[in-house]
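**Student:** Could you have a look at this structure, given as structure tokens, before my questions?
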Amino acid sequence: MSKYKIAPSILSANFAKLGEEITNVLAAGADIVHFDVMDNHYVPNLTIGPLVCEAIRPLTTAMIDVHLMVKPVDRIIPDFAKAGANMITFHPEASEHIDRTLGLIKECGCKAGLVFNPGTPLHYLDHVMDKLDMILIMSVNPGFGGQKFIPEALAKLRAVRQKIDASGRDIWLEIDGGVKVDNIAEIARAGADTFVAGSAVFGAGKDTDAHRYDTVIAAMRAELAKV
Ligand code: DX5
Ligand code: ZN
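Right under this line is the structure:
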């Protein structure tokens, strides 16, 4: 896997052909499957759960990166681990006991991460850096695909990059929301190494591409090569 990882959000895939979409996007060169879980409570939308994770698991050995936008979080974590999730991230506001939730994810055998909404301060990182495999910075308010990138996220990425480098730990820094071919390089320069992109990938499928998404993934890689 290269330094930069592309993680298409299947939220914007064609759900009537979900397996085919995932197979195609990975064959086109994506690295990770980003799996958005929404509960119509923590966020105003409702998406997919462990049954869908279990159904897609046999399609690939690629990492399934489960982004939990649910409250409470703990009850559902073992279910996602059993369904084949590799990484589980959650929002600190959605857990009463952040350290316990991180521990639970690890006990279930998954990598663990914390997600920061645009308005969420970074102090939640202060005492748990040693338990994190991923920090996810939201560049939109969670709930929907296809929203506009909030530029303040770049300053936040820079701040988190400093914290990660100072910690000396191997923590991935992921960005989620409004990532496109034309801003991915700037986002990488701010310190992100893992890029969630939903509408920019699944909205750019081409019948003339061998795997529908070859052109758009190659364009993202070409931009990242400039960084
Ligand atoms: C938003 C989700 C994102 C979303 C990204 O709540 O967490 O993963 O699907 O979609 P785009 O890339 O279209 O902003
Ligand atoms: Zn997401």
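As numbered in our numbering, residues 1029 to 1255 make up the sequence shown, in order.
Using N, Cα and C, we set each Cβ at its ideal position, and we do this for glycine too.
Predicted model only: the values in this text are computed from it and were never measured.
What's the C-alpha gap between Ala-1181 and His-1239?
**Tutor:** A straight-line Cα-Cα distance of about 32 Å links Ala-1181 and His-1239.
**Student:** Out of curiosity, what's the CA-to-CA distance linking Cys-1081 and Leu-1074?
**Tutor:** Cys-1081 and Leu-1074 have their C-alpha atoms roughly 15 Å apart.
**Student:** Pull up the distance between the alpha-carbon of Val-1098 and that of Val-1143, whole angstroms please.
**Tutor:** 12 Å
**Student:** Give me whichever residues DSSP pairs with Leu-1164 in a beta bridge.
**Tutor:** Val-1143, Glu-1202
**Student:** Let me know if Pro-1072 comes out buried or exposed under the rule of 16 or more other beta-carbons within 10 Å of its beta-carbon.
**Tutor:** exposed
**Student:** Please report the distance separating the alpha-carbon of Asp-1235 from that of Asn-1052.
**Tutor:** Cα to Cα, the separation comes out at about 11 Å.
**Student:** Output the distance between the C-alpha atoms of Gly-1206 and Pro-1179, rounded to the nearest integer angstrom.
**Tutor:** 10 Å
**Student:** When DSSP labels each residue in this structure, what does Thr-1051 get in the three-state scheme?
**Tutor:** helix
**Student:** From Val-1065, Asp-1242, Gly-1112, Phe-1177, pick the residue whose C-alpha is nearest to that of Ile-1084; which is it?
**Tutor:** Of the candidates Val-1065, Asp-1242, Gly-1112, Phe-1177, the one whose C-alpha sits nearest the C-alpha of Ile-1084 is Gly-1112.
**Student:** Could you tell me the distance, in whole angstroms, from the CA atom of Lys-1184 to the CA atom of Ala-1213?
**Tutor:** For the pair Lys-1184 and Ala-1213, the Cα-to-Cα distance works out to about 16 Å.
**Student:** In chain order, what are the residues with a CB under 6 Å from some non-hydrogen atom of the ligand ZN?
**Tutor:** Ser-1037, His-1062, Asp-1064, His-1095, Asp-1204, Val-1224
**Student:** Could you check whether the Cβ of Gly-1206 sits closer than 6 Å to any heavy atom belonging to the ligand DX5?
**Tutor:** Distances from the CB of Gly-1206 to the heavy atoms of the ligand DX5 include at least one below 6 Å.
**Student:** Could you check if Ala-1194 is buried or exposed, using at least 16 other CB atoms within 10 Å of its CB as the buried criterion?
**Tutor:** exposed
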